[in-house]
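Read the structure below first, then the notes.
So this is what it looks like as structure tokens:
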């Protein structure tokens, strides 16, 4: 794996559906080494802390390989890295291979996988397409949220290595499908969700979601 782009943004006010919205989704690639602290990247502002940011969503990574798919699907001439609001655009960041609780190293920075991304309306705002959050969920190529285990710096061109694979082997993709995919068998969903619950690295947000879902079944 390799970092293709590091992307950050300060809060911006934009007009959307007759409302003034503060958002940090419009991220732009930056050069040089960028510091990674416990809750974000230097120069990056997380506005809606109820849905973004915090310890378990300090850094958001998205695979560069997803870009050609969306460019074709949406019939766009070009998509610049950072369009999905990611901090790190990474070659080979595969949700079907990487697991909740896995740790990756970027330079001296160590990150731990905590959850898939569930998009809010601001992804649609970024694309000018109200249906984009639904399309994103249907595609299930979610990107990955990370907790910072060891602070450091990151830059485009850094190699990324998985230094720990969690033995419970719940991939980011499998967890997302277990929660959202209506076509999976109920018992298969339950098995995956129950396995995820015992993983310490799982974010509080997803732990609460899973417990609520299982209590209804």
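In full-length UniProt numbering, the protein residues as written are 1 to 217.
Ideal Cβ placement from N, Cα and C applies to all residues, glycine included.
Opening and closing residue of the beta strand (DSSP E) in which residue i lies
i, result
"residue 114", "109 to 116"
"residue 19", "19 to 23"
"residue 97", "That residue, residue 97, is in no beta strand (DSSP E); it is neither H nor E in DSSP."
"residue 177", "First-last for residue 177: 172 to 180, but that is the alpha helix (DSSP H), not the beta strand (DSSP E)."
Where residue i falls, given that 16 or more other Cβ within 10 Å makes a residue buried
i, result
"residue 134", "exposed"
"residue 75", "exposed"
"residue 166", "buried"
"residue 204", "exposed"
Residue interval of the alpha helix (DSSP H) (run including residue i)
i, result
"residue 91", "Segment 88 to 91 is the beta strand (DSSP E) holding residue 91; no alpha helix (DSSP H) there."
"residue 153", "Per DSSP, residue 153 belongs to no alpha helix (DSSP H); it is in the beta strand (DSSP E), 152 to 154."
Integer-rounded CB distance, given that residue j should sit under 8 Å from residue i
i, j, result
"residue 91", "residue 64", "5 Å"
"residue 60", "residue 85", "7 Å"
"residue 144", "residue 110", "In fact, because the Cβ distance is near 14 Å, the residues do not count as touching under 8 Å."
"residue 168", "residue 198", "7 Å"
"residue 58", "residue 39", "5 Å"
Collapsed DSSP secondary structure at residue i in the structure displayed
i, result
"residue 214", "helix"
"residue 29", "strand"
"residue 159", "strand"
"residue 137", "helix"
"residue 207", "helix"
"residue 79", "coil"
"residue 61", "strand"
C-alpha gap between residue i and residue j, whole angstroms
i, j, result
"residue 160", "residue 12", "30 Å"
"residue 188", "residue 62", "27 Å"
"residue 121", "residue 20", "14 Å"
"residue 77", "residue 71", "7 Å"
"residue 202", "residue 179", "14 Å"
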